[in-house]
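From first to last, the protein sequence lines are chains A and B.
Anchor point for the first sequence: position 208 equals 597 in the working numbering, and the numbering is continuous, going up by one each time.
Anchor point for the second sequence: position 23 equals 412 in the working numbering, and the numbering is continuous, going up by one each time.
Number of protein chains: 2
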Amino acid sequence: MNLGIIGSGNVGGTLGTRWAQAGHQVTFATRKPDSKEMQELVAGAGPTARAASVQDAAKAEVILLATPWPATEEIVRSAGDLSGKVLIDVTNPLLNLDGLALGTTTSGGEQVAQWAAGARVVKAFNTVGNNIMADPRFGDRLLALLYCGDDAAAKKTVHSLAAELGFDPIDAGPLSQARLLEPMALLWISLALKQGLGREFAFQLLRR
Amino acid sequence: MNLGIIGSGNVGGTLGTRWAQAGHQVTFATRKPDSKEMQELVAGAGPTARAASVQDAAKAEVILLATPWPATEEIVRSAGDLSGKVLIDVTNPLLNLDGLALGTTTSGGEQVAQWAAGARVVKAFNTVGNNIMADPRFGDRLLALLYCGDDAAAKKTVHSLAAELGFDPIDAGPLSQARLLEPMALLWISLALKQGLGREFAFQLLRR
Chain A
390 MNLGIIGSGN VGGTLGTRWA QAGHQVTFAT RKPDSKEMQE LVAGAGPTAR AASVQDAAKA
450 EVILLATPWP ATEEIVRSAG DLSGKVLIDV TNPLLNLDGL ALGTTTSGGE QVAQWAAGAR
510 VVKAFNTVGN NIMADPRFGD RLLALLYCGD DAAAKKTVHS LAAELGFDPI DAGPLSQARL
570 LEPMALLWIS LALKQGLGRE FAFQLLRR
Chain B
390 MNLGIIGSGN VGGTLGTRWA QAGHQVTFAT RKPDSKEMQE LVAGAGPTAR AASVQDAAKA
450 EVILLATPWP ATEEIVRSAG DLSGKVLIDV TNPLLNLDGL ALGTTTSGGE QVAQWAAGAR
510 VVKAFNTVGN NIMADPRFGD RLLALLYCGD DAAAKKTVHS LAAELGFDPI DAGPLSQARL
570 LEPMALLWIS LALKQGLGRE FAFQLLRR
């Protein structure tokens, strides 16, 4: 396969290298083909890799887009005609570590906290179906149970309630992180009901 | 612990039953304490469970809120003074199976597709760090690699590129599902960098 990598930083560099090593033809887009970094990247990726301009890389049949979000629009618009191309979008519209520049403007959890004036709200148990809560055993694996809130003691309570049920409770941060946990719930629901996975699946958080 | 369950359907019923069976005092909120369903729920949960009004259940030290989203505001507002309560919010502001009523209004993936006119955009490889892409091995476990897009053939390409790297590729549906995969990326980032998990973790999708 011919792969064009637009955005040859940590992510694009890693994926492009691994695909080149697997035998694919990989073109890393760059404005500085002669830079030391780019020459090292191409050498590390092996004989099926090369460096070229964005426009050249965009001629590949499959394009990986791994640019920093603020640079994305300009680079995509400069890449030439992309009609019919497979474009793998790896970007994330990160505003900073606290939010995304698009979508995720608020959450049900924050809304509930407004309604329940004074309550110490913890968002939890919203990311898996009730069949999983009834029995979270997948062999000897513990499933992730993500929760978030602004009150440390309240989160401790939820943590132990989740652990009692057999989950691996994971503190995801302040209540505004419900903006991330609620989409995760819709992901579970849509995988279960629309993508054919059924309801007997869930995520484990693996550490190494 | 005293637990009040507001919303005694599938989710609240399941969690309340399991906590009651673990020995907690559980009060299921209901408008119909004498209904057959509620009597069966309480009997199944055992001697530490009972049924009561929403206002009564809300007197517990820990409240589980598991109402359907459209009913949530009214029920929370009717629950009385919630100051200082631990309120576990399990609700999801589901609009329907296609979206949330709050947040998630668009995504970088959809924006990229507008910029890259005619390209067959697949959102992928955005939910884990490059250290995971470089080496996705966690013992013999395969990590989930979620992707979404509107072109079936393009998704097939991405599926095999992900499988080649040692991932378990999972089709998450149309490109608009990037509204769910981008928050998942920010979740990974914030767990790694702010919640102390570091970068050497990722999610496996377990099936049973």
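Beta carbons are placed, not taken as given, at the ideal position from N, Cα and C, and that holds for glycine.
Owing to the predicted nature of the structure, the values given are computational and were not obtained by experimental measurement.
Close beta carbons around residue i, own chain, < 8 Å, minus the five adjacent residues each side
{"i": "Q500 (chain B)", "result": "none"}
{"i": "A434 (chain B)", "result": "G405, T406, A409, Q410, V415 and F417"}
{"i": "A561 (chain A)", "result": "L535, Y536, C537, L569 and L570"}
{"i": "L586 (chain B)", "result": "L580"}
{"i": "A432 (chain B)", "result": "none"}
{"i": "S427 (chain A)", "result": "Here residue 427 (chain A) turns out to be Met, not Ser, going by the sequence shown. Counting only Cβ-Cβ distances below 8 Å, and skipping sequence neighbours, we find S397, F417, T419, K421 and A440."}
Start-to-end residues for the beta strand (DSSP E) that takes in residue i
{"i": "V511 (chain B)", "result": "R509 to K512"}
{"i": "L476 (chain B)", "result": "V475 to D478"}
{"i": "L454 (chain A)", "result": "V451 to L454"}
{"i": "R596 (chain A)", "result": "F590 to R596"}
{"i": "Q414 (chain B)", "result": "Q414 to A418"}
{"i": "P558 (chain A)", "result": "D557 to D560"}
Range covered by the alpha helix (DSSP H) that runs through residue i
{"i": "D445 (chain B)", "result": "V443 to A446"}
{"i": "N515 (chain B)", "result": "Where N515 (chain B) is concerned, there is no enclosing alpha helix (DSSP H), given that its DSSP letter is neither H nor E."}
{"i": "A533 (chain A)", "result": "Note, A533 (chain A): premise wrong, no alpha helix (DSSP H); beta strand (DSSP E) at A533 to G538."}
{"i": "Q410 (chain B)", "result": "N399 to Q410"}
{"i": "L392 (chain A)", "result": "From DSSP, L392 (chain A) is part of no alpha helix (DSSP H) but of the beta strand (DSSP E) over N391 to I395."}
{"i": "S579 (chain A)", "result": "A567 to L582"}
{"i": "T546 (chain B)", "result": "A541 to E553"}
{"i": "T461 (chain B)", "result": "W458 to R466"}
{"i": "G469 (chain A)", "result": "Unbroken run through G469 (chain A): none, as it is neither H nor E."}
{"i": "L430 (chain A)", "result": "K425 to A434"}
Residues near residue i by beta carbon distance below 6 Å, same chain, minus five either side
{"i": "H656 (chain A)", "result": "The requested residue 656 (chain A) is not part of the displayed model; chain A covers only 390 to 597."}
{"i": "Q566 (chain A)", "result": "C537"}
{"i": "A551 (chain B)", "result": "L534 and P558"}
{"i": "R509 (chain A)", "result": "D540 and A543"}
{"i": "A513 (chain A)", "result": "Y536 and V547"}
{"i": "K425 (chain A)", "result": "none"}
Beta-carbon proximity of residue i to residue j, cut-off 8 Å
{"i": "V400 (chain B)", "j": "V465 (chain B)", "result": "no"}
{"i": "L534 (chain A)", "j": "L570 (chain A)", "result": "no"}
{"i": "S467 (chain A)", "j": "V443 (chain A)", "result": "yes"}
{"i": "Q593 (chain B)", "j": "F590 (chain A)", "result": "no"}
{"i": "A455 (chain B)", "j": "G396 (chain B)", "result": "yes"}
{"i": "N481 (chain A)", "j": "G518 (chain B)", "result": "no"}
{"i": "E462 (chain B)", "j": "W504 (chain A)", "result": "yes"}
{"i": "L471 (chain B)", "j": "A506 (chain B)", "result": "no"}
{"i": "R530 (chain A)", "j": "L595 (chain B)", "result": "yes"}
{"i": "F527 (chain B)", "j": "R588 (chain A)", "result": "no"}
Separation of residue j from residue i, as counted between CA atoms
{"i": "C537 (chain A)", "j": "K474 (chain A)", "result": "40 Å"}
{"i": "R439 (chain B)", "j": "A502 (chain A)", "result": "26 Å"}
{"i": "T403 (chain A)", "j": "I521 (chain B)", "result": "10 Å"}
{"i": "G398 (chain B)", "j": "W458 (chain B)", "result": "13 Å"}
{"i": "N515 (chain A)", "j": "L453 (chain B)", "result": "11 Å"}
{"i": "L554 (chain A)", "j": "D524 (chain A)", "result": "8 Å"}
{"i": "L532 (chain B)", "j": "L392 (chain A)", "result": "23 Å"}
{"i": "L476 (chain A)", "j": "L564 (chain B)", "result": "12 Å"}
{"i": "Q584 (chain A)", "j": "M573 (chain A)", "result": "15 Å"}
{"i": "V511 (chain B)", "j": "G469 (chain A)", "result": "18 Å"}
{"i": "P436 (chain B)", "j": "E429 (chain B)", "result": "12 Å"}
{"i": "A449 (chain A)", "j": "A460 (chain A)", "result": "21 Å"}
{"i": "D423 (chain A)", "j": "D445 (chain A)", "result": "16 Å"}
{"i": "M390 (chain B)", "j": "T493 (chain A)", "result": "34 Å"}
{"i": "F545 (chain A)", "j": "L582 (chain B)", "result": "The sequence shown places Lys at residue 545 (chain A), not Phe. The alpha-carbon atoms of K545 (chain A) and L582 (chain B) are separated by roughly 21 Å."}
{"i": "I394 (chain A)", "j": "T495 (chain A)", "result": "34 Å"}
Spatial neighbours of residue i in its chain, beta-carbon cut-off 7 Å, leaving aside the 5 residues before and after
{"i": "F556 (chain B)", "result": "P525, L531, L532 and L534"}
Distance cut-off 7 Å: residue i Cβ against heavy atoms of the ligand HEM
{"i": "D540 (chain A)", "result": "The ligand HEM is absent from the structure shown, which contains no ligands of any kind."}
> the stretch 577 to 593 of chain B: which residues have C-beta closer than 8 Å to a C-beta of chain A, in chain order?
Replying inline: I578, S579, L580, L582, K583, Q584, L586, E589, F590, A591, F592 and Q593
> At a Cβ cut of 9 Å, what residues of the stretch 491 to 515 of chain B count as close to chain A, listed as they run along the chain?
Replying inline: L491, G492, T493, T494, T495, S496, G497, G498, E499, Q500, V501, A502, W504, A505, A506, G507, A508, R509, V510, V511, K512, A513, F514 and N515
> Name the residues in the stretch 446 to 474 of chain B whose C-beta lies less than 7 Å from a C-beta of chain A; which are they?
Replying inline: V451, L454, W458, T461, E462, V465, R466, L471, S472, G473 and K474
>> Output needed in chain order: residues of the stretch 559 to 579 of chain A with a Cβ under 9 Å from some Cβ in chain B.
In response: I559, D560, A561, G562, L564, Q566, A567, R568, L569, L570, E571, P572, M573, A574, L575, L576, I578 and S579
>> At a CB distance below 9 Å, what residues from the stretch 403 to 435 of chain A approach chain B? Give them in sequence order.
In response: T403, L404, T406, R407, W408, A411 and H413
> What residues in the stretch 518 to 530 of chain B have a beta carbon less than 7 Å from any beta carbon of chain A?
Replying inline: N519, M522, A523, F527 and R530
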